[in-house]
Structure formats: C-alpha cells, structure tokens
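Chemist: Here it is, the structure, as structure tokens.
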Amino acid sequence: MNTPSPNGFDDLVREHQAGLRAYIRALGAQDAWVDDLAQEAFLVAYRRHGHFEAGADFGRWLRGIARNLVLNERRKSARRSRLLQESIVDVLSDEGESAPVAQPAVASVLQAMADCVSGLPPRSRELLERRYAESTDATTLARSLQLSAAAVRQTLVRTRAAVRRCIEGKLGEGWL
Amino acid sequence: MNAGRFEELLERLLDGELTPVEGDELAAVLRTDPARRRELRQHLVLWELWSQQQAPERSAAAFLAGWRTRLRAERQGESFLAGLKTRISRDSAGESPLRRLGAWWAALQRPAGLAWAASVALVTCATFFWLLAPHRAQATTIVHGEAVCTACVLHEGHTHTPAIRVQTDGATHIYYLESSPRLTELQGYFCSGPNPITVEGKPHPAGGRMMLDVSHIELPPPPPKPNDDQRILFPL
Chain S
1 MNTPSPNGFD DLVREHQAGL RAYIRALGAQ DAWVDDLAQE AFLVAYRRHG
51 HFEAGADFGR WLRGIARNLV LNERRKSARR SRLLQESIVD VLSDEGESAP
101 VAQPAVASVL QAMADCVSGL PPRSRELLER RYAESTDATT LARSLQLSAA
151 AVRQTLVRTR AAVRRCIEGK LGEGWL
Chain D
177 MNAGRFEELL ERLLDGELTP VEGDELAAVL RTDPARRREL RQHLVLWELW
227 SQQQAPERSA AAFLAGWRTR LRAERQGESF LAGLKTRISR DSAGESPLRR
277 LGAWWAALQR PAGLAWAASV ALVTCATFFW LLAPHRAQAT TIVHGEAVCT
327 ACVLHEGHTH TPAIRVQTDG ATHIYYLESS PRLTELQGYF CSGPNPITVE
377 GKPHPAGGRM MLDVSHIELP PPPPKPNDDQ RILFPL
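Residue numbers (this note's numbering), protein chains in the order written: chain S, 1 to 176; chain D, 177 to 412.
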C-alpha cells in the first residue's frame, strides 16, 4: 500500500484517536503522557502504512503498535518513563492484548457516560467537570471551592464509583 | 484488602498521587483479583474519555493538529538529514579512510577546529542530559482563543502575564503562557485584548494553573491601511 498523504491519514486519526488514547491509558500510561504516546503510535502507523494489509482491522493494528510502544517504554528507567509504576503496568499490560477497547464501543460509552453524569447531583457534576476540564487536582479544587481536600476526594471517589456503576447498568458488565 | 482501602488506592492512582509502596500494595491485589483489575481498567478508560471531552487542549481537533505538527517536524528532519547525507557522500567520495582520519586530525590542530570539536562535545553532553531529565510537558497541541493579559484584562493581580482565554460550551479555560522573548514583544497585543490568537505548544499543569510552553504563535493579519483616496479628511 502506498504512503497516504497526511490529509488522507487525517480521517483515520480522527476516527481512532479517542479509542486509542483510552487503550493506551488502560495499558498504564500516565495521564499527562497519553496523547504523546498516541501521537507516536499514529506516526509509526503512518510510516509503516505499507505493512498494513488492506481489508484488515486498522484499529487492531494500531493498538498493536501502541502496545509495543508501551512495552518498549516499560524497559526505560522509572525516572524517564511515561508510564505508571512498573508493578501496576505489569498487571495492566499483561491483560491489555486480551481486553482491547473496541472502537465501536467508544461512542456508546461516551453516550452512556453523558447520560450518567447528567443524572448526578449538581455539586458532584460540577466537581467532576472542573476536575477534568481544568486538569485540577483535589487540593486546588478544594481551595477554590472552600472545602477541605478530604471532602473533595471523598466526593470524587463516590461520584466516580456511581458513574461506573451507572455505565455498567446501561452497557452490561462486559463493556470492557 | 477491604473495599475502602482499594477505593482509596484507586483514587490516588487516578489522581497521580500513588506512592511506590501504595503502588506495590495495589498491584498485589490486582494480580489476584480479576474483578478489581477490570474495575481499574474501566476507571482508566472512562476518565480518559471524559478528560478528552472536557479539556479543550485534549479535544480531537487539538490532538489531530498536534499529530500533524509532529509529522511535519519529522518530515523536515528527514529531508534535512537526506540533504546532509548527500553532501557528505559527495564530499568524501574517493577518499581513503586513513586520509579522511588524517584530515580530521589536522583540522583539530587548528584553533577553529578545536572550537568546533568543543561545541560538538557540548551539544552532545547537553542532549545527553536533556534525554536523562524527566520530560515536563505532554504532547503538542493547538489552542485557538483570545489573547488576554492577567493584569490588564483578567485583573487577577498586578503581574502582566500573557494568557489565552478559551470559551467552550459555556465554560471558560485560561492557559497561562510561559514567558519568552517573542511573547514579551507581543505584551501590548495581550494588554489590548481580548484579541484573537492561535498558539501551538505543550500544556502542563503547574501550581493549580494550566501552563503552555509556546512554540508557535499565529495572529490575524493587521487590518489594511487605508489608501489616500479612502482616507477620511477632516476640515481644518
């Protein structure tokens, strides 16, 4: 297969980026480095596009590349690693191949998530939105909301757990 | 491990606050308990997808723009390297290795050659230490928004810091720009804001703020100056 033009490859990046980033995070990448590793995986896929067999599952091929990048990353020293702690990554990446985030699931997970979050009490919803929209940690959030850090953490624990249970209720236990 | 302790460790992992000892404690449970392993994976996937939806610098468009920037940089690097290789092979064609080594040694005896060798050694060392250091920013992203100054426009304090305000779905996000000579030149543009701006850079949280290491700035073209016949003349 010929190397596609960057414009032609844009559609593939657009289609697969959300699921690939989620997959890389689930393999044990640190949140701040997920996008970096995902962009690297797309660069490798672009360079090696000739190795991709027409008609095969592009998402699966891409996840294979990402998994290799994560495994290579695991060999680096902890100080330079873009991954979570080695013992956690070992557990997550061992299972990563057998439990990929299937591409079609992304849209339904996002829809279920939007429904579940909209059903939360306003305070919990606000906390969740600010935590992720502003990439703010619990201590900073607590300061700006004039609450204790422990109270913010506790609310986040309960909110995240409630959202996960709600999604499981909508999509079934085996959604991932 | 009881459910409370597991939740506590899970939260600390999701918030990036897990210590190595806690990490080992959590890993030991995950190894033996598939249900908790699945729960962790579900949380990682869910909050990753949620973060992509919520943070403008992590949107699909920002990710795509970042990928294109890296691809462009890689291609420019490749063409530079190809050009250099062509020049080297042309310059050294027909030379024996021994003669080439002699030429290198002669060049090093000259003061300019010595200075050149010293600079190469310095750059190599700098690169080595840079590679050893932990990287502080995530992937490149592109942010479209309004150029504002933290003092003149946002009135956050007396320090004039250039920032970008992005408004999406009723939410406002502020990116504080790391200082650079180019931004100092443009301080007037930020103080007279809000003005349109597009920047390319690497975001990273610091001190409760989202900072942006800017690598490229794009401002809209200035409005055209009126021609003589279009000028408005005031009667004296």
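Glycine is no exception: its CB is placed at the ideal position from the N, C-alpha and C atoms.
1. Does the Cβ of S/G172 have 16 or more other Cβ atoms within 10 Å, making it buried, or fewer, making it exposed?
2. Determine whether the beta carbon atoms of D/E233 and D/V324 lie at a separation below 9 Å.
3. State the DSSP-derived secondary structure class of S/T139, mapped to helix, strand or coil.
4. Distance cutoff 9 Å, beta carbons only. Does S/S87 sit that close to anything in chain D?
5. Secondary structure at D/M177, three-state DSSP: helix, strand or coil?
6. What is the residue span of the alpha helix (DSSP H) that S/E126 lies within?
7. At a cut-off of 8 Å, is D/G180 close to the ligand GTP when judged by its beta-carbon and the heavy atoms of the ligand?
8. Pull up the distance between the alpha-carbon of S/D36 and that of D/F366, whole angstroms please.
9. Pull the bridge partners of D/T348 from the DSSP assignment, please.
10. Would you say S/E73 faces chain D, with C-beta separation under 9 Å as the test?
11. Look at the alpha carbon of S/R48 and the alpha carbon of S/T159, and state the distance between them as a whole number of angstroms.
12. Put S/D115 into one of helix, strand or coil per three-state DSSP.
13. Residues of chain S with CB under 7 Å from D/D200, in chain order?
14. How far does the alpha helix (DSSP H) with S/V70 in it extend, from its first residue to its last?
15. Kindly indicate which three-state DSSP category D/P232 falls into: helix, strand or coil?
16. Can you tell me the Cβ-Cβ gap for S/Y132 and D/A236, rounded? I've got them flagged as a contact below 8 Å.
17. Spell out the partners DSSP gives D/A323 in its beta bridges.
18. For my contact list, S/D137 and D/D389 are in at a C-beta cut-off of 8 Å; report their separation, rounded to the angstrom.
19. Which of helix, strand or coil does DSSP assign to D/G242?
Modeler: Taking the coordinates as given:
1. Counting Cβ neighbours within 10 Å, S/G172 comes out exposed, since fewer than 16 surround it.
2. For the 9 Å CB-CB criterion, D/E233 and D/V324 do not form a contact.
3. S/T139: helix per DSSP, three-state reduction.
4. So, interface residue.
5. Secondary structure at D/M177: coil, using DSSP grouped into helix, strand and coil.
6. 122-133 is the extent of the alpha helix (DSSP H) around S/E126.
7. The ligand GTP is absent from the structure shown, which contains no ligand whatsoever.
8. Cα to Cα, the separation comes out at about 29 Å.
9. Note: D/T348 sits in a beta bridge opposite D/Q343.
10. Chain D has no Cβ within less than 9 Å of the Cβ of S/E73.
11. The alpha-carbon atoms of S/R48 and S/T159 are separated by roughly 42 Å.
12. Helix.
13. Annotation: Cβ neighbours of D/D200 in chain S (cutoff 7 Å, chain order): S87.
14. Under the DSSP assignment, S/V70 falls in the alpha helix (DSSP H) whose first and last residues are 58-74.
15. Residue state, collapsed to three classes: helix.
16. Not a contact, Cβ separation roughly 16 Å.
17. D/A323 pairs with D/I340, D/N371.
18. Rounded, the Cβ-Cβ distance is 20 Å, inconsistent with contact.
19. In the three-state scheme derived from DSSP, where H, G and I count as helix and E and B as strand, D/G242 is classed as helix.
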